[in-house]
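In the working numbering, the protein residues as written are 1 to 198.
A quick write-up on the structure given underneath.
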Amino acid sequence: MVAVLTLVALAGVAVTLGALIVLHVAPSGLSPLRDPVSAYGISPHSALYRVQTLGTAVAAAALAIALPATDLPATLPAIVALIVLAVARAVISWAPMDAPGTARTSTGRLHNVLAFGAFAAASVGGFMTAIAFGATSGLSAAAAASSALGWLMTAASVLTIVSAATPALRGVFGLAERLIYVGMIAWLALTAVVLLGW
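Pasting the structure below:
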């Protein structure tokens with residue numbers, strides 16, 4: 001069962017990564033340095049944006065189900081983080097961001113809450129799986145990698161918040177957010193690979 005779920009998780013990661021690559025090479029007029037990934041969700045490429053959010057949701061949900069089936073210690077916090085991530089990513093494409101320069105809406109505010117929840121859950125999840133891996137013989141390297149990804153996502157999240165609030169740094173908002181994506185995708189893949197070998 002664990003092997004099947006981890007393969008599902010890896011498929012979700014592959015779908016997410018593939019969709020993001022296509023989004024970034026498609027002629028959208030969006031800047032990877034400046035614009036949020038969510039801007040694809042209010043563009044003609046919104047269907048592909050939804051595919052990548054659902055890919056992440058599937059990967060996180062599969063891992064949340066797989067973890068309790070292992071005998072890894074202290075996995076409950078990681079499971080909770082994965083569930084929060086799965087729910088946030090599953091819902092977010094149905095609550096698109098507000099278009100730049102338009103009035104704030106309740107849908108746009110919900111989008112921001114879901115984005116914050118997803119990024120926070122992924123960041124915390126990196127640290128939580130590091131704890132579970134670190135308490136298991138033979139997984140010290142995986143624990144170190146998971147912790148490093150947790151720090152990457154945390155630092156990138158802080159930079160995202162700071163760049164959103166600081167006019168001089170708004171030009172790197174998109175880059176900061178994409179660093180969170182890198183950490184999140186790598187963390188999900190790492191966790192799946194560790195569990196696949198379990």
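Positions of the beta carbon are idealized from the N, C-alpha and C atoms, including for glycine.
query = Between the stretch 121 to 137 and the stretch 98 to 105, do at least 3 Cβ pairs fall closer than 8 Å?
reply = In short, these stretches do not touch, since the Cβ pair count stays below three.
query = Roughly how many whole angstroms lie between the Cα atoms of Ser163 and Phe127?
reply = The alpha-carbon atoms of Ser163 and Phe127 are separated by roughly 24 Å.
Alpha carbon of Thr107 to alpha carbon of Ala115, nearest angstrom = Cα to Cα, the separation comes out at about 12 Å.
query = What residues in its chain sit with their C-beta under 8 Å from that of Tyr40, if we drop five residues either side in the sequence?
reply = Closer than 8 Å at Cβ, skipping near neighbours: Leu23, Ser28, Leu30, Ser46, Leu48 and Tyr49.
query = Taking C-beta to C-beta, are Val15 and Val51 nearer than 9 Å?
reply = Cβ atoms of Val15 and Val51: closer than 9 Å.
message = Quick check on Leu196: does DSSP put it in helix, strand or coil?
response = Of the three classes helix, strand and coil, the one that applies to Leu196 here is helix, per DSSP.
ask   = Who are the near neighbours of Ala118 in its chain, counting only those whose CB is closer than 6 Å to its CB and skipping five residues on each side?
value = Once the five neighbours on either side are set aside, the close Cβ partners of Ala118 are Leu85, Ala88 and Arg89.
request  = Please name the residue in Val193, Ala103 and Val172 whose C-alpha comes closest to that of Arg34.
outcome  = Comparing Cα-Cα distances from Arg34 to each of Val193, Ala103 and Val172, the minimum goes to Val172.
task = Hey, could you find the ends of the alpha helix (DSSP H) Ala130 is sitting in?
result = Per DSSP, Ala130 belongs to the alpha helix (DSSP H) from Ser106 to Gly134.
message = To the nearest angstrom, how far is the alpha carbon of Pro44 from that of Ile180?
response = Spanning the two alpha carbons is a distance of roughly 24 Å.
request  = Following the continuous alpha helix (DSSP H) through Ser146, name the residue where it begins and the one where it ends.
outcome  = Counting along the chain, the alpha helix (DSSP H) containing Ser146 begins and ends at Ser140 to Ala165.
request  = Please confirm whether Leu82 and Leu67 have their CB atoms less than 9 Å apart.
outcome  = Result yes, Cβ atoms of Leu82 and Leu67 sit closer than 9 Å.
key: Assigned exposure category for Thr166 - 16 Cβ within 10 Å defines buried   = Burial is judged here by how many other beta carbons sit within 10 angstroms of a residue's own beta carbon; Thr166 has fewer than 16 and is exposed.
ask   = Secondary structure at Trp94, three-state DSSP: helix, strand or coil?
value = Three-state result, Trp94: coil.
query = Could you check where the alpha helix (DSSP H) with Ala168 kicks off and where it finishes?
reply = Ala168 -> no alpha helix (DSSP H), and no H or E assigned at all.
message = Rounded to whole angstroms, what is the Cα-Cα separation between Ile131 and Ala103?
response = Cα to Cα, Ile131 sits roughly 43 Å from Ala103.
inquiry  = What does the Cβ neighbour count give for Ile21, buried or exposed, with the cut at 16 atoms within 10 Å?
reply    = Burial call: exposed.
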